[in-house]
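Chains as they are written, first to last, in the working numbering: chain A, 607 to 1078; chain B, 6 to 306.
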């Protein structure tokens, strides 16, 4: 170690640090995570009656599908239909699970695909995509004539409320393709065996819960680790009691929207199932799969969910279970909406990026999906409704879905929905979620529950980093 | 030799430094920059906002809540894990007492059993324990009920008063095995005659552990402390798999906060700011831990 002064560890490290600094500077300039932006030329063709959106017939089309509950086969069928109309186009199809991780860099880079099925747990927050100007306005598509329903525009072929969930400040940026019915699920077989009847009013519901509990079954369970599922029946009850204004105020972040008369009545009513211990023991500690499986195994009678439940539980549902969905019970005679009114909403978002190279083609692809042929094919393949009216007719459906169709038909134009989870995902996923967890595990009462919800909404309202949307 | 030295060194070092700079240092540096912007991570548009993000964090009650949990973890995880690790390691290696320097009976089997969690990935550990904690069909409540302790059965991950401790227990379980092996190796290198001398003086197991073994493996304990403190500052993977910070934010940690802010709220500027805060926290904890645990070295001679 006598010549240590020549080359010590310290000098090597010192040199390394200098080299590193020099090396970092260009890396910062070249490979920067936030950089890269170019607006590509959009492929454009001649507009005519057969090609109302002006698709360039040989422009390649890239479609990215979320490979989740619906799989990817339905998309391949839609692509084949597109190809029938535009034989010269080459279509690149990919199906991924992690939409966000896969596509975020491409959005930043300005080279997104032409159609994105932005769905699943790793989907990209729609509100942010819109506020960043990354999505194309789909109004032109909606006003274009339908592909196979003569004399109607695409918009006119859709179910009521289908476009609403993708609208931001009167522009339509997201097409939610599947139609979901939210309600209270039960096994019709169990009801038939026991001679029970689904209760239409809250008092009857509580009486039924009493009967069920006496029969040795828990009346309710819920997705304890994701308690926001229980916010759906509470808000539904409030809307049916006091009218759709309840939802409008919540969506528009009106002051004290969560503490309206309707919400108070609803929270008080739902507190009953907590107070009277009508919820399956241990529910707060179960996640969605665990609780839904307890429900399928007959440990609990009711559960709140959307119509994806049937697909999700396919593997564990006993034969002859006959799941059925029903609207939330009415609070009383003075309810503004009838018992039949149910929350129906479009889900499964499809978008055309603003910087897509073949934006016209992307919209045309959505028009293909929204044709009667495309929609029927989807419903047949994945057992889910679409937003195209009448597309489930004459298709044989599994019990849960056919009950959803029936409920939807009965609800008719009295159906309702809210969209604050689309505008402000954090509000539902974190804040309302936490409040529901406290409420349905019995740690707080209805007044504190609404306070906590309101506090969450106020936080979002006061935070300028969330872009605010209004609907009317 | 002397003339050719620098080119040779450069040939070895530069490619590695180049890779390190682009793959490690550059993202770090960019995070510092992004933390000063309002970038949303979905386009190339952003504004420079200076220290606004840090000011926001300073007032953010969710951030403080998460940080508090990390601090609790940072104190409890090393203490519990090291205590358990030391106890088990000494039982397995020098715990036989009676003057003979070897482990208790069956220690070879125990070594494998304790180390087993270490070969499982953190995601598997999370899913496994989520089922163990299942209030209805999990083996924990099942076991408690089977032995008549129904009163102790809980909703575990569903109860804000319990969930944090349940997660902490899994962390200790997952880490202890590694430190048993680490401390075991250190104990093996302690000269036997020291134990024999101690035994001649009539020390019991506890005194031997406290007065002989611990001082002689102190270096290793020190390293363990730093590692565990860093693990505690993270804690993200397990929380993400088991609770996502819930119920009611009772298991939220800074890493989970960063994930939520970046990937559900799409505020990458703010998310990066949380990352920068974590960076400095980890750095200062490491320096602090090394300072506090510095003791004079004991030389075997």
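Idealized CB from N, CA, C, for every residue including glycine.
TODO: Check the DSSP bridge columns for residue 700/A and list the partner residues they point to.
DONE: 670/A
Task: Selected residue, minimal CA-CA separation from residue 1019/A, among 820/A, 951/A, 914/A - done: 951/A
- [ ] For residue 177/B, collect the residues of the same chain with a Cβ closer than 6 Å to its Cβ; drop the 5 residues on either side in sequence, then sort them by chain order.
- [x] 85, 86
Task: Uninterrupted beta strand (DSSP E) stretches inside the segment 927 to 1015 of chain A (no shorter than 3 residues) - done: 929 to 932, 949 to 957
- [ ] Find the residues of chain B that neighbour residue 731/A, judging by a C-beta separation of less than 8 Å, and give them in chain order.
- [x] 269, 270, 271
TODO: Taking only beta-carbon positions, decide if residue 1071/A is within less than 9 Å of chain B.
DONE: yes
- [ ] Tell me, please, whether the segment 997 to 1016 of chain A touches the segment 220 to 233 of chain B by the rule of three or more beta-carbon pairs shorter than 8 Å.
- [x] no
- [ ] Use the C-beta contact count for residue 690/A: other C-beta atoms within 10 angstroms, 16 or more gives buried, fewer gives exposed.
- [x] exposed
Open item on the list: Using a Cβ-Cβ distance cut-off of 9 Å, determine whether residue 140/B contacts chain A.
Closed with: yes
Open item on the list: When you compare the CB positions of residue 680/A and residue 987/A, do they come within less than 9 Å of one another, or not?
Closed with: yes
- [ ] Buried or exposed for residue 636/A, please, with buried defined as at least 16 other CB atoms from any protein chain shown within 10 angstroms of its CB.
- [x] Bear in mind that the predicted position of residue 636/A carries a pLDDT of just 41, short of 50, making it too unreliable to give a figure here.
Open item on the list: Please list, in chain order, the residues of the segment 686 to 710 of chain A that have any C-beta partner in chain B closer than 8 Å.
Closed with: 706, 710
Open item on the list: Is residue 1068/A close to chain B? Criterion is C-beta to C-beta, closer than 9 Å.
Closed with: no
Task: Minimum C-alpha distance to residue 710/A - residue among 203/B, 59/B, 11/B, 49/B - done: 49/B
TODO: Could you check what DSSP says for residue 769/A in three-state terms: helix, strand or coil?
DONE: coil
Open item on the list: Just to confirm my understanding: we take residue 138/B, look at its own chain, exclude 5 residues before and 5 after, and list those with CB closer than 7 Å. What are they?
Closed with: 145, 161, 162, 171
- [ ] Would you mind stating whether residue 778/A and residue 748/A have Cβ atoms separated by less than 9 Å?
- [x] yes
Open item on the list: Taking only three categories from DSSP, how would you classify residue 802/A?
Closed with: coil
Open item on the list: Out of 200/B, 151/B, 97/B, 261/B, which one is the CA nearest neighbour of residue 246/B?
Closed with: 261/B
Open item on the list: Quick check on residue 135/B - is its C-beta less than 9 Å from some C-beta in chain A?
Closed with: yes
Task: Minimum Cβ-Cβ distance from residue 163/B to chain C less than 9 Å - done: Although the question refers to chain C, the structure presented lacks it and instead comprises the protein chains A and B.
Task: is_contact[residue 47/B, chain A] using C-beta, thresh 9 Å - done: yes
Open item on the list: 9 Å is my cut-off, CB to CB: does residue 12/B come that close to chain A?
Closed with: no
TODO: Indicate the three-state DSSP secondary structure (helix, strand or coil) for residue 723/A in the structure shown.
DONE: strand
- [ ] Check the C-beta distance from residue 937/A over to residue 869/A and give it rounded, since I have them as a contact under 8 Å.
- [x] Actually they are not in contact, since the Cβ atoms of residue 937/A and residue 869/A sit about 12 Å apart, beyond 8 Å.
TODO: Starting from residue 1083/A, trace the beta strand (DSSP E) both ways and give me its first and last residue.
DONE: Limits of chain A in this structure are 607 at one end and 1078 at the other, which puts residue 1083/A out of reach.
Open item on the list: Tell me the rounded alpha-carbon separation between residue 608/A and residue 18/B.
Closed with: Any reading at residue 608/A is ruled out, since the residue's pLDDT is 39, under 50, leaving its predicted position unreliable.
Open item on the list: Please classify residue 685/A as buried or exposed, where buried requires at least 16 other C-beta atoms within 10 Å of its C-beta.
Closed with: buried
TODO: Check whether the segment 820 to 837 of chain A touches the segment 1028 to 1048 of chain A, taking contact to mean three or more Cβ pairs, one atom from each stretch, closer than 8 Å.
DONE: yes
Task: DSSP-derived helix/strand/coil call for residue 893/A - done: coil
Open item on the list: For chain B, check one thing: does any of its Cβ atoms lie closer than 9 Å to the Cβ of residue 1077/A?
Closed with: no
Task: Residues that residue 253/B contacts on chain A, provided the C-beta gap is smaller than 7 Å - done: 1040, 1043, 1044
Task: Residue closest to residue 158/B, alpha-carbon to alpha-carbon, out of 143/B, 169/B, 165/B - done: 143/B
- [ ] Compare the Cα-Cα distances from residue 844/A to each of 790/A, 873/A, 650/A and report the closest residue.
- [x] 873/A
Task: Collapsed DSSP secondary structure at residue 662/A in the structure displayed - done: coil
Open item on the list: Using a Cβ-Cβ cutoff of less than 7 Å, which residues in the same chain neighbour residue 867/A once the five nearest sequence positions on both sides are dropped?
Closed with: 848
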